[in-house]
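Q: Take this structure first; my questions come after.
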Ligand SMILES: C[S@@+](CC[C@H](N)C(=O)[O-])C[C@H]1O[C@@H](n2cnc3c(N)ncnc32)[C@H](O)[C@@H]1O
């Protein structure tokens, strides 16, 4: 059976050299996140940035909702792929990282496409319950993913996409001896979505693993 490559740092650099070039502000965010220490692991990987870019371009998506912005790498990656009249609603409860993200958005001249909601995601989702999106990216607190998934399905256009990050959870989902609450909740979600007939789905092994669901 064919297997996916283990992406080493060298391969990651190679992908960056020969694949889609990052915008200078994307690079700046990555460097800034490196300076934050361990918390840098929150950001998506470069392959994920490139994948989000491509999917927005090929699907001609204009309306995006993101749950979990951190310092803005995923948001900016999507904003750069959107047309001038595209828009992203970016939700995060952390005031400090949201402020920093907003500085990066301005620097990249993408801030006119991005509306930030700085509050708990469940509260924010209530506020935008009458809106409709073509793509919803879920990358926040894992224990609430099932709730976000159900709300996202309501906010999504038919044939719209939900992309969920961290579905392989550093590979822990297949380690039977690992039984903590977060790993179990991700396993439960993966099991639930695999049987959910409202969507068709694929899991791609980029970053920490992403499920892409297309609403039927
Ligand atoms: C994994 S990080 C997001 C990374 C981001 N997508 C990127 O590419 O850099 C998760 C984010 O979710 C936010 N978060 C966690 N729980 C939340 C909640 N209940 N409501 C809103 N945001 C939340 C955190 O503040 C954090 O910034």
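Numbering (this note's numbering), first residue to last: 7 to 222. Quick reminder that beta carbons are idealized off the backbone N, C-alpha and C, glycines included.
Below 8 Å, can you find three or more Cβ-Cβ pairs linking the stretch 47-54 to the stretch 125-137?
A: Result no; under three Cβ-Cβ pairs closer than 8 Å.
Q: Check whether the Cβ atoms of residue 212 and residue 76 sit closer than 9 Å, and answer yes or no.
A: no
Q: If you scan the stretch 60-119 from start to end, which runs of the beta strand (DSSP E) of 3 or more residues do you find wholly inside it?
A: 69-73, 93-97
Q: In the DSSP assignment, what are the bridge partners of residue 217?
A: Bridge partners of residue 217: 170, 209.
Q: Per the contact definition of three or more C-beta pairs closer than 8 Å, is the stretch 163-171 in contact with the stretch 106-115?
A: no
Q: In the structure shown, what three-state DSSP assignment does residue 178 receive?
A: helix
Q: Say yes only if the C-beta of residue 77 is nearer than 8 Å to one or more non-hydrogen atoms of ligand 1, and no if none qualify.
A: Short note on residue 77: C-beta closer than 8 Å to some heavy atom of ligand 1.
Q: Could you check whether the Cβ of residue 64 sits closer than 8 Å to any heavy atom belonging to ligand 1?
A: No, ligand 1 has no heavy atom inside 8 Å of this Cβ.
Q: Per DSSP, residue 36 is paired with what?
A: DSSP lists no partner for residue 36.
Q: What residue does the beta strand (DSSP E) around residue 142 start on, and which one ends it?
A: Per DSSP, the continuous beta strand (DSSP E) segment holding residue 142 begins and ends at 139-144.
Q: Who are the Cβ neighbours of residue 143 in its own chain at under 6 Å, not counting the five residues just before and after it?
A: 72, 169
Q: Find out if the Cβ-Cβ distance for the pair residue 69, residue 141 is shorter than 9 Å.
A: yes
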